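Student: Okay, here's the structure, questions in a sec.
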């Protein structure tokens, strides 16, 4: 029974999970990429931390959005079929 439920939930939310995983791995890369510019002087520790810190608020936003989207995606078929 657990396997069937897990498969059903995976079927409805796999695109959200895959895109969220890609976004979660890309966010640190993008934050560091923006900090290292060719036209500026070699990065000081303070400048690097400030550049990465400016992207820091996106981590909890991404986590909350993914949690909400996965919850909606797994609940929607039950609501559509009037199982809830």
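Numbering (the numbering used here), first residue to last: 10 to 93.
Every residue, glycine too, gets a C-beta built ideally from N, C-alpha and C.
Since the structure is predicted, the reported quantities are computational estimates derived from the model, not experimental observations.
Considering residue 59, what are the terminal residues of the alpha helix (DSSP H) in which it resides?
Tutor: Residue 59 -> alpha helix (DSSP H) spans 54-63.
Student: For residue 36 versus residue 68, is the C-beta spacing smaller than 8 Å?
Tutor: Between residue 36 and residue 68, the gap from beta carbon to beta carbon is short of 8 Å.
Student: For a quick check, are the C-beta atoms of residue 22 and residue 70 less than 8 Å apart?
Tutor: no
Student: Within the same chain, show all residues whose beta-carbon is closer than 6 Å to that of residue 82, passing over the 5 residues directly before and after it, in chain order.
Tutor: 21, 22 and 25
Student: Give the straight-line distance between the Cα atoms of residue 31 and residue 75, rounded to the nearest whole angstrom.
Tutor: 12 Å
Student: Per DSSP, what kind of secondary structure is residue 10 in: helix, strand or coil?
Tutor: coil
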